[in-house]
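In my numbering, the protein residues as written are 22 to 695. Here a beta-carbon is modelled for each residue, glycine too, at the ideal position from N, C-alpha and C. Please read all numbers here as calculations on a predicted model, not as lab measurements. In what follows, a structure is listed as structure tokens, so that the remarks can point back to it.
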């Protein structure tokens, strides 16, 4: 380099986030073009820790085998679903303060499985014969005549027997929610599947052959005793929206139990809707019992009320259970009563007439909750104390209302909604949005999506699977697992990409690829810390950010660990000039643990795209070391960007800069003026 060529430098002293959509030449200092499997804490970019596989003792049916294939005509019949796996996951917290517990519950096809985190044992002490009984099997002499009895929850919780309605099928929509000190398992069957389609009464309609019995006449219905059915569309209140358990069947009729004196007037006509449904199940947290059915039939308070019905999801807000009732209706239970719903006074409709549908109901402040539709968002205010109307009836319409917040955006995935302080994150068809509050606690939407900096990556979402995206706020980060375009991506495989928004940095931090699908995020106590876990359809429960060496294999021996492939690409460095330069070297400050390794690539731009693989670094010293890297480039270009990939252990990249030789200094004359 000639001495009269100035040395130009550009670089980043730390990293706060990444923005893949924006022009990399215009990114501010500290912003990356790309960040994969990295964490940006205190300005450094460090590879995330690996996931740990838990609950190997839980054995579900075998996971699906996915292989590439070409179909010919005629060809083989290929099954697109499988019966095994985990369909929903939740944390059950005990209502008993004396024996408090927190247990993860995983809903399988014919039973649920439990996994107890650390320190979730139940203890009871009694004076006995001087032994320590552990799980009722092993005895250990502790002396003093004291017996400490330790009991664990069962590894599985049975579903009720006697009806195939209790199983979970791959085509069901499944969720779990804790409410009223119970854990509810909610399932809705796909009506396009054989046996679950809507049927209609014949000309005989519904009759009353004896006291307390109603007979429903449906030709060749195919139902069995103990099946649960929903009857809708009758002018008689007892047969409009109620669900019943079948007590007896013939080929063209089935009987149900009704309160004595129930009238069938107006119901003995054709074309009343009848549909087989899956009843909600619940577990009360007792280790000695499993899931039980909710009660069917007409509530004790009268035929105009309803019990908890088959539903794909529910929200528990202000000691009330809120469930969808069709495409645009919502029903609200009585306070502290999961089995009484008033469809007339405690219900509302949203999105009517706009080809919209309710996706989720989410709690907010001061007795309000948000109603997310696919194309709009509403704010509902529901009174907790009824007001007395002028006609003498107790009604709450005087102080309850439904307000439209926006009809420009809606929510595309129910499980993507997460609250973080005064923010609410959710995924829409236009990307990730964040609702913010003002001083009056009224929500304000932003027409610009929060995901605008990474919208090019979210454009790869599979449209037919986006409703299964799942989000959660934990440790000052919003995690969003989405199904990215992939020939093998499916509802069963789960979301295969996790985008993380760091609320402290106010920027998107990284895109994680776990190598397994994400069906649900769970937060639970692990070793006295709140930790993030993931479950997936293949029956795996995994603890994130746990293993220094990398990801544990999801299927083979837990000793098989693969290094996490981290990657960052810097902004495009131009040294403030758009002219050609001779890039000389890359400088970086990095920390490599023992066996850690990185590779470095300089991507040069203009006149041609050139990738220069500069010497990387392996640490084989046996201990962690700091390195100041000075790696040669020696190429001419207008701009350059640096890609650093971690290939072993968890290296940390602290700073990155680049040097170039600028144009020679122009000739100058020196004059001395008098």
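Asked: Any 3 or more C-beta pairs closer than 8 Å across the region 40-50 and the region 579-596; Found: yes
Asked: Neighbourhood of residue 214 by C-beta distance below 6 Å, restricted to the same chain and skipping five residues each side; Found: 192
Asked: DSSP-derived helix/strand/coil call for residue 185; Found: helix
Asked: Separation of residue 487 from residue 476, as counted between CA atoms; Found: 15 Å
Asked: Best match in 241, 435, 129, 673 for proximity to residue 270 [C-alpha to C-alpha]; Found: 241
Asked: In chain order, each alpha helix (DSSP H) run of at least 4 residues that lies wholly inside the region 462-518; Found: 476-479
Asked: Status (buried if at least 16 other CB within 10 Å, exposed otherwise) for residue 424; Found: exposed
Asked: Within 9 Å, strictly: CB atoms of residue 674 and residue 622; Found: no
Asked: Whether residue 396 touches residue 375 by CB criterion (9 Å); Found: yes
Asked: Straight-line gap, residue 131 to residue 196 (C-alpha atoms, nearest Å); Found: 15 Å
Asked: Beta carbon of residue 529 nearer than 9 Å to that of residue 40; Found: yes
Asked: Coarse secondary structure for residue 101, derived from DSSP in three states; Found: Because the pLDDT at residue 101 is just 37, under 50, the model does not fix this residue reliably, and the value given afterwards should be weighed accordingly. The answer is coil: DSSP assigns residue 101 none of H, G, I, E or B.
Asked: Beta-carbon separation (whole angstroms), residue 520 vs residue 532, contact threshold 8 Å; Found: 5 Å
Asked: Delimiting residues of the beta strand (DSSP E) encompassing residue 532; Found: 528-533
Asked: Under 9 Å between C-beta atoms of residue 20 and residue 561; Found: Residue numbering for the chain in the displayed model covers 22 to 695; residue 20 lies beyond these limits and cannot be assessed.
Asked: 8 Å Cβ shell around residue 356 - same chain, five flanking residues per side excluded; Found: 339, 340, 341, 405
Asked: Endpoints, beta strand (DSSP E) assigned at residue 660; Found: 660-669
Asked: Identified DSSP bridge partners for residue 425; Found: 399
Asked: Other residues of its chain near residue 669: CB distance less than 6 Å, five sequence neighbours each side excluded; Found: 584, 616, 617, 618
Asked: Three-state secondary structure assigned by DSSP to residue 404; Found: coil
Asked: Which of helix, strand or coil DSSP assigns to residue 673; Found: strand
Asked: Short Cβ contact (9 Å threshold) for residue 294 with residue 252; Found: yes
Asked: Nearest candidate by alpha-carbon position, reference residue 333, set 609, 436, 31; Found: 436
Asked: 9 Å Cβ cutoff met for residue 324 and residue 349; Found: no
Asked: 9 Å Cβ cutoff, residue 198 in contact with chain E; Found: You won't find chain E in this structure, because it holds only one protein chain.
Asked: Whether residue 489 touches residue 452 by CB criterion (9 Å); Found: no
Asked: Simplified DSSP state of residue 201, which is helix, strand or coil; Found: coil
Asked: Proximity below 9 Å, CB of residue 300 to CB of residue 360; Found: no
Asked: Buried versus exposed, by CB contacts within 10 Å (16 or more), residue 262; Found: buried
Asked: Sheet register partners of residue 606 (DSSP bridge); Found: 653, 680
Asked: Cutoff 7 Å; reference residue 418; Cβ partners in own chain excluding five residues on either side; Found: Since pLDDT at residue 418 reaches only 45, below the 50 mark, its modelled position is unreliable, and the value read off the structure follows with that caveat. Once the five neighbours on either side are set aside, residue 418 has no close Cβ partner at all.
Asked: Contacting residues, own chain, Cβ-Cβ under 6 Å from residue 266 (five flanking each side not counted); Found: 249, 317
Asked: Residue 354 (DSSP reduced to helix, strand or coil); Found: strand
Asked: DSSP state of residue 436 mapped onto helix, strand, coil; Found: helix
Asked: Inter-residue CB distance, residue 606 and residue 652 (contact presumed, cutoff 8 Å); Found: 6 Å
Asked: Cβ-heavy atom distance, residue 280 to the ligand ATP, below 8 Å; Found: With respect to the ligand ATP, the structure shown offers nothing to examine, as it has no ligands at all.
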